[in-house]
Amino acid sequence: MPGTLREQVASPLAGATDQMLADRAADGDLRAFEVLVRRYGPLMRVYAARVLGSNDETDDVVQESFITAWQHLGTLDDGSAVKSWLMRIVSRKSIDRLRARRQHVNIDDTDAPAPDHHAPHALAEAESQTEALARVLAALPEDQRRCWTLRELAEYSYGDIAAELNLPLSTVRGLLARARKTLLREMEEWR
Amino acid sequence: MTELTPANRRFLAFDLDDTEREQAGLNGHTIEQLSDYLDRGRSPADPSIDDSPDCDIALRGLERLRRSHKALLERDLERESLRDDSWVSSILKNITLEAHAGREIPLTHPSPTARLVVTEGAVRGVLRETGDRVQNVFVGRCVLVGDVSVPGTPISIAVDVTVFPGENIPLLAEQLRHAMYVALGKYTELVVATIDITVSDLQAPPDASAQNKEH
């Protein structure tokens with residue numbers, strides 16, 4: 001019986017609700033936590049890679065995020081909100097990384113000019129629309145990219161983004177509007 | 001993709017800094033307003049947007065951007081899911097169970113110099129495992145209420161469970177309560193006055209589609 005127990009419970013847990021998994025993990029259930037890692041780790045990795053603009057530090061940031069999450073799961077009141085809670089943690093860790101990486105640069109500078117990144121025409125024609133978007137996203141000024149990524153991947157509200165980045169709501173709105181227009185324009189040119 | 005937009009008709013009439021030009025090219029609206037309009041599912045309908053060819057072109061551009069966004073996210077997630085499993089094990093290896101050990105619960109021992117304890121976390125683990133052996137029940141949070149550090153002090157236990165639809169809840173709760181008493185008697189010396197079981201949720205049995213999403 002002990003031999004079969006793990007198999008019996010491993011598969012139902014994979015389909016358990018976020019709430020159930022978060023509650024069990026908060027009680028110290030490592031298997032429930034592992035399901036959460038598998039469920040949201042990939043999204044957190046994509047998120048970190050987008051914010052950091054590279055994959056080099058993604059592993060570290062996501063690992064740190066999950067370690068923090070494990071330690072503080074008991075403070076999460078509503079287990080069904082575990083996804084946005086995890087996204088918040090990885091967002092903070094990613095931003096900490098950026099700050100550490102570029103201490104000498106003011107990363108809150110909202111007036112950073114967009115780099116000139118127009119690809120040669122031949123290259124543009126060869127890449128798919130998806131690849132084009134990846135390239136354009138990566139070329140957004142850092143503050144715009146952070147807002148955009150929080151909005152699109154972490155599904156933050158404007159207010160959440162403002163609170164998270166310690167920016168006025170109007171600034172967040174402006175950064176997002178600018179990012180959206182830049183993306184639209186670039187994607188339109190790519191067509 | 002079928003392109004309904006007239007050939008070469010593009011909406012580059014705005015520049016990034018000039019809202020007036022943007023509004024002039026979009027029948028008085030801004031890209032942000034059009035994006036919000038899409039977020040609302042184009043409801044309530046706004047004729048000044050719906051009937052404007054310029055807005056229509058911009059809306060299609062926004063929708064195209066969203067589709068590309070979705071495709072990019074799917075591609076990235078797909079790529080992540082193809083990675084080997086080492087990142088998961090690396091995370092699990094680096095977390096410590098002590099974080100959730102909780103209080104220490106003494107166990108008696110014949111030797112006066114020996115001090116044996118079982119942690120609260122371990123007891124919760126026993127309760128969970130016991131619940132997992134009962135069909136069609138998920139055990140969620142388990143709370144030990146009372147002073148567990150003083151041997152013999154009666155405590156109560158609160159357990160949240162999820163039960164699948166169609167189950168006889170009172171019967172299942174009784175079965176679970178009994179199994180938990182037995183397990184606690186086996187592994188601890190706790191004096192358990194009551195086990196309160198709260199059926200906090202009803203959920204459909206996990207289906208394949210939900211699982212597929214995670215793997």
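So the sequences go chain by chain: A and B. When the letters of the first sequence are read in order and numbered with UniProt numbering, they come out as residues 1 to 191. When the letters of the second sequence are read in order and numbered with UniProt numbering, they come out as residues 1 to 215. C-beta: ideal position from N, C-alpha, C; glycine also.
Expected contact under 8 Å - CB spacing of residue i and residue j to nearest Å
| i | j | result |
| --- | --- | --- |
| residue 99 of chain A | residue 144 of chain A | Actually they are not in contact, since the Cβ atoms of residue 99 of chain A and residue 144 of chain A sit about 17 Å apart, beyond 8 Å. |
| residue 194 of chain B | residue 149 of chain B | At roughly 19 Å, the Cβ-Cβ gap does not stay under 8 Å, so residue 194 of chain B and residue 149 of chain B are not in contact. |
| residue 126 of chain B | residue 187 of chain B | 5 Å |
| residue 123 of chain B | residue 163 of chain B | Not a contact, Cβ separation roughly 22 Å. |
| residue 28 of chain A | residue 116 of chain B | Residue 28 of chain A to residue 116 of chain B, Cβ: 20 Å. No contact. |
| residue 86 of chain A | residue 77 of chain B | 15 Å between Cβ atoms; not a contact. |
| residue 97 of chain A | residue 52 of chain A | 6 Å |
| residue 65 of chain A | residue 93 of chain A | 5 Å |
| residue 41 of chain A | residue 88 of chain B | 7 Å |
| residue 34 of chain B | residue 58 of chain B | 6 Å |
Rounded straight-line distance, which links the Cα of residue j to that of residue i
| i | j | result |
| --- | --- | --- |
| residue 103 of chain B | residue 71 of chain A | 16 Å |
| residue 37 of chain A | residue 181 of chain A | 35 Å |
| residue 185 of chain A | residue 69 of chain B | 15 Å |
| residue 133 of chain B | residue 156 of chain A | 39 Å |
| residue 118 of chain B | residue 108 of chain B | 11 Å |
| residue 137 of chain B | residue 179 of chain B | 13 Å |
| residue 132 of chain A | residue 74 of chain B | 15 Å |
| residue 60 of chain A | residue 94 of chain B | 12 Å |
| residue 13 of chain A | residue 184 of chain B | 23 Å |
| residue 68 of chain A | residue 24 of chain B | 50 Å |
| residue 33 of chain A | residue 147 of chain B | 28 Å |
| residue 36 of chain B | residue 89 of chain A | 27 Å |
| residue 114 of chain B | residue 152 of chain B | 19 Å |
Start-to-end residues for the alpha helix (DSSP H) that takes in residue i
| i | result |
| --- | --- |
| residue 29 of chain A | Careful: residue 29 of chain A lies outside any alpha helix (DSSP H) and carries neither H nor E. |
| residue 156 of chain B | Per DSSP, residue 156 of chain B belongs to no alpha helix (DSSP H); it is in the beta strand (DSSP E), 154–163. |
| residue 133 of chain B | 120–133 |
| residue 159 of chain A | 158–165 |
| residue 75 of chain A | Here residue 75 of chain A belongs to no alpha helix (DSSP H), and DSSP marks it neither H nor E. |
| residue 25 of chain B | 19–25 |
| residue 174 of chain B | 169–187 |
| residue 149 of chain A | 142–152 |
| residue 96 of chain A | 82–101 |
Contact under 9 Å by Cβ, residue i with residue j
| i | j | result |
| --- | --- | --- |
| residue 54 of chain A | residue 154 of chain A | no |
| residue 172 of chain A | residue 183 of chain A | no |
| residue 26 of chain A | residue 29 of chain B | no |
| residue 50 of chain B | residue 40 of chain B | no |
| residue 35 of chain A | residue 80 of chain B | no |
| residue 154 of chain B | residue 191 of chain B | yes |
| residue 159 of chain B | residue 131 of chain B | yes |
| residue 24 of chain A | residue 128 of chain B | yes |
| residue 176 of chain A | residue 147 of chain A | yes |
| residue 48 of chain A | residue 62 of chain A | yes |
| residue 134 of chain A | residue 72 of chain B | yes |
| residue 62 of chain B | residue 91 of chain B | no |
| residue 21 of chain A | residue 79 of chain A | yes |
| residue 65 of chain B | residue 187 of chain A | yes |
| residue 171 of chain B | residue 161 of chain B | no |
| residue 189 of chain B | residue 106 of chain B | yes |
DSSP state of residue i mapped onto helix, strand, coil
| i | result |
| --- | --- |
| residue 174 of chain A | helix |
| residue 107 of chain B | strand |
| residue 148 of chain B | coil |
| residue 194 of chain B | strand |
| residue 116 of chain B | strand |
| residue 42 of chain B | coil |
| residue 128 of chain A | coil |
| residue 140 of chain B | strand |
| residue 86 of chain B | helix |
| residue 65 of chain A | helix |
| residue 52 of chain B | coil |
| residue 54 of chain A | coil |
Segment limits, beta strand (DSSP E) that includes residue i
| i | result |
| --- | --- |
| residue 95 of chain B | No beta strand (DSSP E) contains residue 95 of chain B, which DSSP labels as neither H nor E. |
| residue 82 of chain B | From DSSP, residue 82 of chain B is part of no beta strand (DSSP E); its letter is neither H nor E. |
Any non-hydrogen atom of the ligand GTP closer than 8 Å to residue i Cβ
| i | result |
| --- | --- |
| residue 58 of chain A | Absence of the ligand GTP is noted for the structure shown, with no ligands found whatsoever. |
* **Residues, ordered as in the chain, of the stretch 83–96 of chain A that lie near chain D by beta-carbon distance below 7 Å** => Absence of chain D from the displayed structure is noted, the protein chains being A and B.
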